[in-house]
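Have a look at the structure below, then the notes.
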Amino acid sequence: MSPSMIPEVEEENKKYQKGVKHLCDNGLTKVPTKYILPEPDRPIFRKSDKIKPKENLKLPVIDFAELLGPNRPRVLQTLANACETYGFFQVVNHGIEGDISKNMIDVCKRFFELPYVERSKYMSSDMSAPVRYGTSFNQNKDNVFCWRDFLKLFSHPLPDYLPHWPSSPSDFRGLAATYAKETRHLFHMIVRAILESLDRTDAGFAAGESPENLCGGGDEAVEELEEGSQLVVVNCYPPCPEPELTLGMPPHSDYGFLTLLLQDDVEGLQILSGDDWLTVDPIPGSFVVNVGDHLEIFSNGRYKSVLHRVLVNSCKPRISVASLHSFPTNSTVKPWPKIVDDRSNPPRYLGTDFTTFLRYISSCEPKWKNFLESRKIHHKF
Ligand code: OGA
Ligand code: NI
């Protein structure tokens, strides 16, 4: 049994269920013990970084206008390298109008500024509720809470879920629905590029060759992903009086195929590269895209689902909106049959589905990459 399942922990966690925004609105000069990480898990801030100051990480940039033009093979190669090396890249020139993203951040800010009673209407412990407002990472189980409140919106098929989304602020549904539709379209285009990059050999990249049956659709995986699940998660990180003691999100990898992350202008996202936590330099108006556990499985380990975490700061609130995309929830995710074969690239992961995942996370603290680890097949050669 994991320590997080001790009944006293669950009892204590109930005291903090109202979240960080609520805590801060009532005045706070110190971080409550519940949020203080054990020393080895705390972030190290650059000014006190004793080894060497680290530059912010400039993630590989994918220019969508280029991707859709004659330079596609070269951009696909950059995309493949980014997914292999960092598991992350940024997308610019993506075609989503600036106002759509700005309006989404703005309406989410206004949602979190509503009185607690209004926000709390959407609180639920049911993982499959169409809307779920909550705090920390897993508020029933976390031993140490993280400095984050969230709003999770199931988004596909939109007409089924939209009537359940918050009705206040009055423009929330309209703006969030537009945002969900636009990011879904962008996801479709990125998926096609990713599958194309997986299907190309290095020689194919050089020759600029286009794999059959992919750009025009027709592959079962493309079709499934295009009809797949979408969950929009709005993260709110209020200013924290002692940011060196806690985290906005603990190290985790994303469950799902791809995450499209929109951040406001405040930095906070860090990714693990070797032994270093590197802060991602936000590019205004861009999306940070990362490989999730399902894409690592689907690519048979070639593309990496990389650990990342979120720092908080003492001056500015931060809002981010993550759109999580994957296969339909009733599908089995497995290495792509097109790229595996028993001799040269045997499957390295077991197939998995949503039920298996839910069973797994309800049995332990969903931290680090333990779910993905549990799906690995270890070949003996
Ligand atoms: C997430 C996530 C990062 C951020 O929502 O899974 O990693 O910067 N968010 O909020
Ligand atoms: Ni994440």
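Using our numbering, read the sequence shown as starting at 17 and increasing by one per residue.
For each residue, glycine too, the CB sits at the ideal point set by N, CA and C.
None of the values given here were measured: they were computed from a predicted structure.
Please classify residue i: does DSSP put it in a helix, a strand, or coil?
| i | result |
| --- | --- |
| residue 30 | helix |
| residue 305 | strand |
| residue 144 | coil |
| residue 326 | strand |
| residue 368 | strand |
| residue 231 | Unreliable placement is indicated for residue 231, whose pLDDT of 47 sits below 50; no coordinate value is reported for it. |
| residue 40 | helix |
| residue 64 | Residue placement at residue 64 cannot be trusted, given a pLDDT of 48 that sits under 50; what the coordinates show is reported in the next sentence. DSSP places residue 64 in helix when its eight states are reduced to three. |
| residue 117 | helix |
| residue 392 | strand |
| residue 256 | coil |
| residue 201 | helix |
| residue 313 | helix |
| residue 359 | coil |
| residue 153 | coil |
| residue 24 | helix |
| residue 251 | strand |
| residue 136 | helix |
| residue 161 | coil |
| residue 238 | helix |
| residue 281 | coil |
| residue 171 | coil |
| residue 47 | coil |
How about residue i: is its Cβ closer than 7 Å to a heavy atom in the ligand NI?
| i | result |
| --- | --- |
| residue 268 | yes |
| residue 275 | yes |
| residue 324 | yes |
Compare the Cα-Cα distances from residue i to each of the options and report the closest residue.
| i | options | result |
| --- | --- | --- |
| residue 345 | 73, 311, 244 | 244 |
| residue 351 | 80, 316, 338, 275 | 316 |
| residue 358 | 238, 74, 395 | 395 |
| residue 50 | 36, 41, 190 | 36 |
| residue 249 | 212, 267, 120 | 120 |
| residue 171 | 300, 100, 314, 182 | 182 |
| residue 205 | 241, 127, 192 | 241 |
| residue 371 | 72, 239, 271 | 271 |
| residue 273 | 347, 261, 256 | 347 |
| residue 299 | 86, 53, 110, 30 | 110 |
| residue 203 | 295, 247, 324 | 247 |
| residue 122 | 339, 252, 323 | 252 |
| residue 261 | 53, 95, 32 | 53 |
| residue 101 | 362, 334, 307, 191 | 307 |
| residue 342 | 38, 280, 237, 388 | 237 |
Let me know if residue i comes out buried or exposed under the rule of 16 or more other beta-carbons within 10 Å of its beta-carbon.
| i | result |
| --- | --- |
| residue 60 | exposed |
| residue 386 | exposed |
| residue 290 | exposed |
| residue 10 | No answer is possible for residue 10: the residues shown for the chain start at 17 and end at 397. |
| residue 393 | exposed |
| residue 259 | buried |
| residue 154 | buried |
| residue 81 | exposed |
| residue 331 | exposed |
| residue 143 | exposed |
| residue 213 | buried |
| residue 201 | exposed |
The ligand OGA and residue i: does the residue's C-beta get closer than 7 Å to at least one heavy atom of that ligand?
| i | result |
| --- | --- |
| residue 205 | no |
| residue 143 | no |
| residue 336 | yes |
| residue 288 | no |
| residue 133 | no |
| residue 120 | no |
| residue 251 | yes |
| residue 388 | no |
| residue 285 | yes |
| residue 265 | yes |
Taking 7 Å as the cut-off, is the C-beta of residue i nearer than that to any heavy atom in the ligand MG?
| i | result |
| --- | --- |
| residue 108 | In the structure on display, the ligand MG does not appear, and the ligands it does have are the ligand OGA and the ligand NI. |
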